[in-house]
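Engineer: One structure coming up, written as structure tokens, with questions to follow.
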Amino acid sequence: MENVRSPQVAGYFYPADPNQLKSELRVLLDISKPVKQYDKIFGLVSPHAGYVYSGKTAAHAYNLLRGKKYKRVVVISPSHSEYFPGVSVYDGDAYATPLGVIEIDKEFADKLVENSKNIFKGIEGHRKEHALEVQLPFLQMVLDDFKIVPIVM
């Protein structure tokens with residue numbers, strides 16, 4: 139893969155060391171067991187602050203995905219530092235975290251762009267955005283073999 143977005147907030151919002159990150163995520167997920175299980179999950183709302191502030195709440199949401207299989211996860215976040223018109227789908231091959239690389243579902247991303255006047259492929263909003271990035275290590279801990287469609291607006 140050539141165009142991989144590197145982690146921008148690792149070491150600030152969550153640990154940059156893969157072993158430390160896994161350990162922290164395991165603790166958060168273990169203490170945040172969901173009250174109820176659901177057969178099908180179509181969407182989650184998760185906070186996007188540093189794990190020290192919002193990790194436990196995020197873990198409650200991501201625990202709902204444990205044991206489930208998804209081939210694609212659409213992750214939508216706001217843009218905190220960059221204004222642009224419309225909706226930006228990352229125009230790259232993958233996003234990286236300290237836990238590894240997550241491939242972009244380019245076929246699905248292309249379909250989104252083809253069918254909308256407001257959605258475009260680009261790097262706008264993705265350069266330094268933390269809100270989307272902080273979701274990815276949780277996904278890597280609870281899901282196997284999935285692709286993402288990273289969207290910033």
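Quick note on the working numbering: the sequence shown kicks off at 139 and runs consecutively.
Glycine residues also receive a C-beta, built at the ideal position from the N, C-alpha and C atoms.
Bear in mind that the values here come from a model prediction, so they are computed numbers and not experimental data.
1) Per DSSP, which residues does P288 bridge with? Please list them.
2) Quick check on F276: does DSSP put it in helix, strand or coil?
3) Could you please give the first and the last residue of the uninterrupted beta strand (DSSP E) stretch that includes K259?
4) Where does R143 sit, in a helix, a strand or coil, going by DSSP?
5) For S226, which three-state DSSP category applies?
6) Can you find at least 3 beta carbon pairs, one from the segment 248-256 and one from the segment 161-168, that sit closer than 8 angstroms?
7) Can you tell which of R210, A197, D155 has the C-alpha that lies nearest to the C-alpha of V173?
8) Per DSSP, V239 is paired with what?
9) When DSSP builds the beta bridges, which residues end up paired with A197?
10) Suppose you measure from the CA of F284 to the CA of L274; what does that come to, to the nearest Å?
11) Less than 8 angstroms between the C-beta atoms of R210 and F246, yes or no?
12) Just grab the DSSP bridge partners of Y301 for me.
13) Which term fits M279, buried or exposed, when burial requires 16 or more other beta carbons within 10 angstroms of its beta carbon?
14) Which residues in the same chain have their Cβ closer than 6 angstroms to the Cβ of A366, if we skip the five residues on either side of it in sequence?
15) Are I289 and V227 close, meaning C-beta to C-beta below 8 angstroms?
16) May I ask you to report which of helix, strand or coil DSSP gives H186?
Structural biologist: Inspection of the coordinates gives the following:
1) V213
2) helix
3) 257-260
4) strand
5) strand
6) no
7) A197
8) A234
9) Its beta-bridge partners do not exist; DSSP assigns none.
10) 11 angstroms
11) yes
12) The question about residue 301 has no answer, for the chain in this structure spans 139 to 291.
13) buried
14) Nothing can be reported for residue 366: it is not among the residues displayed for the chain, which extend from 139 to 291.
15) yes
16) coil
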